[in-house]
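All residue numbers for the sequence shown refer to this note's numbering, where the first residue is 679 and numbers rise by one. Just so you know, even glycine gets a beta-carbon here, dropped at the ideal spot from N, CA and C. Note that the structure is predicted; figures quoted are calculated from it, not measured. What follows is a short report on a single structure.
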Amino acid sequence: MWSRERPLIEAVAEAEVILPSNAPFDATVVQAATRACLIQQPAAGYENIDLGAAKARGLPVCNAPATNEVSVAEAALYLMLSLARRANEARVAFAAAAIGTPLGVELRGRTLVTVGRGRSAQALAGMARGLGMEVVLLGSDADADAWRDALARAHFVSLHCPLTPRTRGMFDDARFAQLRGAYLVNCARGAIVDRVALERALDRGHCRGVGLDVHWQEPWDPTDPFYARPEVVVLPHVAGSTEEAFDRVAAIVAENVARLTRGEPLLHRVV
679 MWSRERPLIE
689 AVAEAEVILP
699 SNAPFDATVV
709 QAATRACLIQ
719 QPAAGYENID
729 LGAAKARGLP
739 VCNAPATNEV
749 SVAEAALYLM
759 LSLARRANEA
769 RVAFAAAAIG
779 TPLGVELRGR
789 TLVTVGRGRS
799 AQALAGMARG
809 LGMEVVLLGS
819 DADADAWRDA
829 LARAHFVSLH
839 CPLTPRTRGM
849 FDDARFAQLR
859 GAYLVNCARG
869 AIVDRVALER
879 ALDRGHCRGV
889 GLDVHWQEPW
899 DPTDPFYARP
909 EVVVLPHVAG
919 STEEAFDRVA
929 AIVAENVARL
939 TRGEPLLHRV
949 V
């Protein structure tokens with residue numbers, strides 16, 4: 679197992695089946711995994727894995743889609759509620775025995791825009807509609823007019839798109855300028871949001887607050903002053919980490935290991 683005390687390259691050299699999770703699995707690491715027969719990502723996303731290096735070695739890579747969309751959606755909803763009810767300031771008020779402050783907002787009647795229309799976005803949309811919210815499912819590849827119209831209406835924006843060259847830094851100064859004091863939630867990937875642009879948007883009021891489960895650098899620096907801002911609510915990359923989601927992932931991993939030993943086609947093979 680890889681840990682802070684044990685280099686990743688040393689750990690993978692002994693492994694036959696590897697579950698990278700969020701570890702940086704570049705070409706050097708792939709080449710060091712000389713005994714590996716399978717790279718099984720225990721999640722849907724696999725942008726941390728060098729697929730070209732794995733393909734060159736004939737090393738199959740599989741993922742585990744459709745396992746945590748409800749968990750991610752519930753985490754996004756939790757962050758939305760935390761922002762709406764100003765959870766950080768509420769904790770300060772509680773410590774000061776201040777009754778009736780801060781003043782929050784209701785979700786009912788507000789508009790949620792999801793960037794991405796996949797499983798977790800659809801799951802969040804159902805939850806939000808159940809609370810009386812209006813929902814706009816916006817594709818990350820939408821045209822400029824669709825972006826402008828959706829963001830101008832948004833009270834909450836939740837990111838549900840993969841990290842690709844197209845979406846990296848997608849929320850930049852120009853995008854944030856289209857918001858009118860909306861809250862932003864990111865349970866997708868940190869690099870989709872330009873951090874400097876986000877800080878400017880918070881300072882200028884374009885973005886009223888932000889809820890983050892994913893971060894620009896992981897592990898993150900908990901002493902970073904950014905995380906001390908009252909309008910920034912954070913989770914430690916746990917949106918997909920629930921007992922139910924892990925049970926579904928474990929079933930896929932176990933099935934693929936069994937298929938590997940039997941010489942059968944693997945589930946959810948990426949390369």
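For residue i, three-class secondary structure by DSSP
{"i": "Y861", "result": "strand"}
{"i": "H946", "result": "coil"}
{"i": "Q856", "result": "coil"}
{"i": "V791", "result": "strand"}
{"i": "G868", "result": "helix"}
{"i": "V892", "result": "coil"}
{"i": "E784", "result": "coil"}
{"i": "I777", "result": "coil"}
{"i": "L729", "result": "helix"}
For residue i, the first and last residue of its enclosing alpha helix (DSSP H)
{"i": "E921", "result": "921 to 940"}
{"i": "G804", "result": "797 to 808"}
{"i": "S760", "result": "747 to 762"}
{"i": "L716", "result": "Segment 716 to 718 is the beta strand (DSSP E) holding L716; no alpha helix (DSSP H) there."}
{"i": "L880", "result": "873 to 882"}
{"i": "L686", "result": "686 to 690"}
{"i": "A710", "result": "705 to 710"}
Beta-ladder partner(s) of residue i, from DSSP
{"i": "S818", "result": "Paired residues: none, contrary to the question."}
{"i": "I696", "result": "I717"}
{"i": "G887", "result": "Y861"}
{"i": "L837", "result": "V793, N864"}
{"i": "F849", "result": "V871"}
{"i": "P909", "result": "In the sequence on display, residue 909 carries Glu and not Pro. The partner list for E909 (beta bridge, DSSP) is empty, contrary to what the question assumes."}
Pair within 8 Å by beta-carbon distance, residue i and residue j
{"i": "A875", "j": "D850", "result": "yes"}
{"i": "G787", "j": "G810", "result": "yes"}
{"i": "L737", "j": "V707", "result": "no"}
{"i": "Y756", "j": "N741", "result": "no"}
{"i": "L716", "j": "L938", "result": "yes"}
{"i": "P720", "j": "V892", "result": "no"}
{"i": "A866", "j": "L837", "result": "yes"}
{"i": "A806", "j": "V814", "result": "no"}
{"i": "E688", "j": "A714", "result": "no"}
{"i": "V835", "j": "V791", "result": "yes"}
{"i": "L759", "j": "V793", "result": "no"}
{"i": "L781", "j": "Y861", "result": "no"}
{"i": "V690", "j": "V949", "result": "no"}
Boundaries (first-last residue) of the beta strand (DSSP E) holding residue i
{"i": "L772", "result": "Checking the displayed sequence, the identity of residue 772 turns out to be Phe instead of Leu. Careful: F772 lies outside any beta strand (DSSP E), inside the alpha helix (DSSP H) at 765 to 773."}
{"i": "V916", "result": "Careful: V916 lies outside any beta strand (DSSP E) and carries neither H nor E."}
Residue environment, residue i, which counts as buried when at least 16 other CB atoms sit within 10 Å
{"i": "E692", "result": "exposed"}
{"i": "I696", "result": "buried"}
{"i": "P943", "result": "exposed"}
{"i": "F854", "result": "buried"}
{"i": "I777", "result": "exposed"}
{"i": "A872", "result": "Looking at the sequence itself, residue 872 is Asp, so the reference to Ala does not match. So D872 ends up on the buried side."}
{"i": "E747", "result": "buried"}
{"i": "R886", "result": "buried"}
{"i": "P698", "result": "buried"}
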